[in-house]
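K.L.:
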Ligand code: PHE
C-alpha cells in the first residue's frame, strides 16, 4: 500500500488527481482505513506492531500528499505567471504621435500676428441668423448669395454662416468702440467639391472701429500683415471691388509667390497671385444697424480664406487634402 500510494502521489499532476488518491487510501472506504478497521481480527499480540506500522504509513502518506499539494500549487502559479507575462518589448513603435493640422497652424500664426498688432481674438457661432449673416450686413434682399443654391439654410431664419462677417455684427452690437478684433472659423457655401472649392472652408475676419479711421489705416494694416506673413519682399495691390457691407471695397492681390513679381508661368506672367482677401471701409448703414453712430465713428474690415493661405504657404494644390485626414499627408506638418 505504502509504495503504491507514494508512487501515485509523486506522479499526480493536478489537485483533483491528488484528492482522488487521498480518498483511495484514506477515505471512509480507503484501503488504509479498511485495513485499520480489520485490526480487531488480528491476533492480540500483533496488533500494536501492525497498528504502529499502519499509523506510520498514514503519516507518511499524509506528508507526501501535503508535499505534492504544495508542488502542484507552485506549478499552477508558475504556469499562470508565464501566461500572464506582458512582453513590453514588442509593438512599441506602432503608436504614432499626432500632428497639428496645417489649418490650425495657419490660424494660430494669423491670430498671433494680429494679437501682436493689438487685435483681440473673438469667436462666433457657425449656425447664424439670416439677420446677422445678411440683413445687418446690408446685403440686398435679392442678392444671389442669399439663394438656396448658394447657402445652407436650416430654417427660413437660420443658416450655416456663409462668411465670418456676422462676427463683426455681433462684436459691434455687443461692444462699444474702439473695437479691434479678429475672428477665425468655419464657413459654409453650397459649392461642389473640386481642387480649390469645398462646401466647408475657413475664413479670418478683422474689424477696426474707432474715431477717424480711414482707408490709409486699412491699407497700412494689410500691408504690414502681408509682409509679416509671407516675407518683406511681398508687394500688395488693392483692386476696387464690391461688397454690400463695405464702401469703398477692395480686393487685395499679393505678388506671385514663385517669381515675386517678375512674371512666371504660375502667375501667367502678371507677377501677381490670385486675390488673397476682401476688405473695405465699414458701410455707414452697417454701423447704424449695430447701434454705432456713423457720424462719430468709422471703421474698416477685411476677410480672407484661411484654406487658400494654407495651400499657398505649403504648396498644397488640392483642398481635399485638408479635410481627408490622411495620416500620410498630416504627418508632414
Ligand atoms: N465676407 C467677405 C467674403 O466672404 C470678405 C470681406 C470681409 C470683405 C470683410 C470685406 C470686408 O467674401
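Numbering (UniProt numbering), first residue to last: 8 to 340. Just so it is clear, CB atoms sit at the ideal spot from N, CA and C, and this is done for glycine as well.
Is it the case that the CB of residue 287 approaches a heavy atom of ligand 1 more closely than 7 Å?
P.N.:
Yes; taking the cut-off as 7 Å, the Cβ of residue 287 has a heavy atom of ligand 1 nearer than that.
K.L.:
Can we count residue 272 as close to ligand 1, meaning its CB is less than 7 Å from some heavy atom?
P.N.:
Not under cutoff, so the answer is no.
K.L.:
Would residue 313 and residue 114 qualify as a contact pair, given that the criterion is a beta-carbon distance under 8 Å?
P.N.:
Yes, the pair counts as a contact, with Cβ atoms nearer than the cut-off.
K.L.:
What separation, rounded to the nearest whole angstrom, lies between the Cα atoms of residue 356 and residue 311?
P.N.:
Limits of the chain in this structure are 8 at one end and 340 at the other, which puts residue 356 out of reach.
K.L.:
Just the C-alpha distance for residue 12 and residue 32, rounded to the nearest angstrom, thanks.
P.N.:
Between residue 12 and residue 32, the C-alpha separation is close to 7 Å.
K.L.:
Contact between the stretch 158 to 178 and the stretch 132 to 144 is defined here as three or more beta-carbon pairs at a separation below 8 Å; is this criterion met?
P.N.:
Contact between the stretch 158 to 178 and the stretch 132 to 144 is present, because at least three Cβ pairs lie under 8 Å.
K.L.:
Assuming residue 87 is part of the alpha helix (DSSP H), what are its boundary residues?
P.N.:
From DSSP, the alpha helix (DSSP H) with residue 87 extends over 54 to 91.
K.L.:
For residue 295, which residues of its own chain have a beta-carbon under 8 Å away from its beta-carbon, when the five flanking residues on both sides are left out?
P.N.:
Cβ within range, chain order: 301.
K.L.:
By Cβ distance below 8 Å, which residues in the same chain neighbour residue 130 in space, the five residues on each side in sequence not counted?
P.N.:
174, 190 and 192, listed in sequence order.
K.L.:
Over the uninterrupted beta strand (DSSP E) stretch that includes residue 187, give me the two end residues.
P.N.:
Element bounds for residue 187: 186 to 195.
K.L.:
Output needed for residue 235: all residues of its chain with C-beta closer than 6 Å, excluding positions within five of it in sequence on either side, in chain order.
P.N.:
The answer, listed in chain order, is 120.
K.L.:
Taking 7 Å as the cut-off, is the CB of residue 250 close to at least one heavy atom of ligand 1?
P.N.:
For ligand 1, at least one heavy atom lies less than 7 Å from the Cβ of residue 250.
K.L.:
According to DSSP, what are the bridge partners of residue 260?
P.N.:
244 and 282, per the DSSP bridge assignment.
K.L.:
Measure the Cβ-Cβ separation of residue 46 and residue 54 and say whether it is below 8 Å.
P.N.:
It is a contact, given that the beta carbons lie within the stated cut-off.
K.L.:
If you drop the 5 nearest sequence neighbours on each side, which residues of the same chain put their C-beta closer than 6 Å to that of residue 215?
P.N.:
Correct list, in chain order: 187, 306 and 307.
K.L.:
Can the beta-carbon of residue 4 be found closer than 8 Å to that of residue 287?
P.N.:
The question about residue 4 has no answer, for the chain in this structure spans 8 to 340.
K.L.:
Would the stretch 11 to 30 count as touching the stretch 71 to 87 if we require 3 or more Cβ pairs under 8 Å?
P.N.:
Yes: at least three Cβ pairs fall under 8 Å.
K.L.:
Can we say the stretch 241 to 248 touches the stretch 203 to 219, given the rule of at least three CB pairs closer than 8 Å?
P.N.:
Touching, no, given that fewer than three Cβ pairs across the two stretches are closer than 8 Å.
K.L.:
What separation, rounded to the nearest whole angstrom, lies between the Cα atoms of residue 270 and residue 181?
P.N.:
Cα-Cα distance, rounded: 46 Å.
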